[in-house]
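Encoded as structure tokens, the structure appears first; notes follow it.
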């Protein structure tokens, strides 16, 4: 077993050998504990192969996350004083258990107090002030800037002043100082879900000669633009391949993508409240807001559907270009049932009982069969493939992750061999 003793900084890493590796993590508030549980399992498998110091950022070229997924991305890639990840994957579920109830304080109120709070939430500002959350991120991430992440990251947020989606990436941060904010500001911005947490305003300053330039950001949750950040990393692949420009020309280049959801209640909500054109034709503004959860039950699934469709289109083109066996794609998502929809599918119910239930959702999800989204219907459907004996086989998510761990480990070892043998001479050091 080749142990992972340490990790070079982002700028010192070798380009991909045979595999470009991408991890995407959806947004979803406290439901971020679901993909965190999945990542804990994957990192444990990598440690079985490569030793206890193995960390996810050692294996993925690009990690992309929105909102709570952006927070997980930062925790996996921010460096500590030893230039290793600030958090091991196994520590992240506990982070949610320890801090969620302080970020989203749960209070027991009387009927009158609840009525007053409802009115305030409707007309008087966000549900939570964000003070604890902001202070926590400032303390954890300190002065760490985006360019310092231990692998390439992509975290979207939406600028309400510019009406523009900002995608914060390590690649841009390393070349442009005005694109290199504090990582804590990026996390606060991508997590600023409207009605839940306040928008986040900050500035990035850069001195060029005697002139100081300032860029201001006014950010809300990245989920407004891309709650499922599946397609964002594709734009970063050319940067990853700079050190190995013939990667796709050699005929053996492959792409591995792991996409983790935080649970979807869209279908369950649809079962509770059937909406037809005839019914909706009678609605005014208040009805639309009332029956669609402030329109989010319309826009959130619509955005996800487009993301899945775009991703399916890109994968189809990639398969035509590279070959059917050159794309390894795994999407792990839980569809909340009718009985689960409500408390369990909420973004901000941070009671001990609910958080522990979300951990169990993640653990049970590992045992479920691999599924894929039917882009025509939006439903999850089982994936069946031929095994080594050419028999039809349906993998569980756990089995698929074990297989992915072996692919990731093999690729990392191949890069290390290239470095040690001097085969990487002539390549610039970008990538993993």
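Numbering (the UniProt record's numbering), first residue to last: 1 to 432.
Cβ atoms here follow ideal geometry from the backbone N, Cα and C, with glycine treated the same way.
Tell me which residue opens and which closes the alpha helix (DSSP H) that residue i is part of.
i: residue 407; result: 397-421
i: residue 187; result: 183-190
i: residue 132; result: 131-141
i: residue 99; result: 92-103
i: residue 360; result: 352-367
i: residue 49; result: 33-50
i: residue 176; result: Segment: none, residue 176 is in no alpha helix (DSSP H) and carries neither H nor E.
i: residue 237; result: 237-240
i: residue 193; result: Element bounds for residue 193: n/a, residue is neither H nor E.
i: residue 348; result: Careful: residue 348 lies outside any alpha helix (DSSP H) and carries neither H nor E.
i: residue 275; result: No alpha helix (DSSP H) holds residue 275; DSSP gives it neither H nor E.
At which residues does the beta strand (DSSP E) containing residue i begin and terminate?
i: residue 58; result: Careful: residue 58 lies outside any beta strand (DSSP E) and carries neither H nor E.
i: residue 330; result: 327-332
Skipping 5 residues on each side, what residues in its chain have a beta carbon closer than 7 Å to that of residue i?
i: residue 167; result: 154, 156 and 232
i: residue 218; result: 159, 160, 161, 199 and 201
i: residue 100; result: 30, 350 and 355
i: residue 236; result: 62, 152, 154, 169 and 171
i: residue 315; result: 327 and 329
Give me whichever residues DSSP pairs with residue i in a beta bridge.
i: residue 437; result: Shown here, the chain extends from 1 to 432; a query on residue 437 therefore has no answer.
i: residue 158; result: 165 and 220
i: residue 213; result: 206
i: residue 79; result: 85
i: residue 254; result: 19
i: residue 382; result: 371
i: residue 317; result: According to DSSP, residue 317 bridges with nothing at all.
i: residue 145; result: 182
i: residue 260; result: 25 and 332
i: residue 201; result: 218
Using a Cβ-Cβ cut-off of 8 Å (strictly less than) and excluding sequence neighbours within five positions of residue i, which residues of its own chain qualify?
i: residue 59; result: 21, 46, 408, 409, 411, 412 and 432
i: residue 141; result: 74, 78, 86, 182, 183, 184 and 187
i: residue 343; result: 349 and 354
Take residue i and list the residues in its own chain whose beta-carbon comes closer than 6 Å to its own, dropping the five residues that flank it on each side.
i: residue 253; result: 247
i: residue 194; result: 220
i: residue 230; result: 24, 259, 307 and 311
i: residue 333; result: 261
Pull up the CB-CB distance for residue i and residue j, whole angstroms please, since I reckon it's below 8 Å.
i: residue 261; j: residue 70; result: Actually they are not in contact, since the Cβ atoms of residue 261 and residue 70 sit about 15 Å apart, beyond 8 Å.
i: residue 282; j: residue 196; result: About 31 Å separates the two Cβ atoms, so there is no contact after all.
i: residue 419; j: residue 396; result: Not a contact, Cβ separation roughly 35 Å.
i: residue 27; j: residue 66; result: 4 Å
i: residue 174; j: residue 147; result: 5 Å
i: residue 372; j: residue 331; result: 6 Å
i: residue 17; j: residue 403; result: Between residue 403 and residue 17 the Cβ distance is about 18 Å, and since that is not below 8 Å, they are no contact.
Would you call the region 71-80 and the region 327-343 in contact, with 3 or more CB pairs under 8 Å? no
Does the region 276-283 come into contact with the region 341-359, if we say contact requires no fewer than three beta-carbon pairs (one atom in each stretch) closer than 8 Å? no
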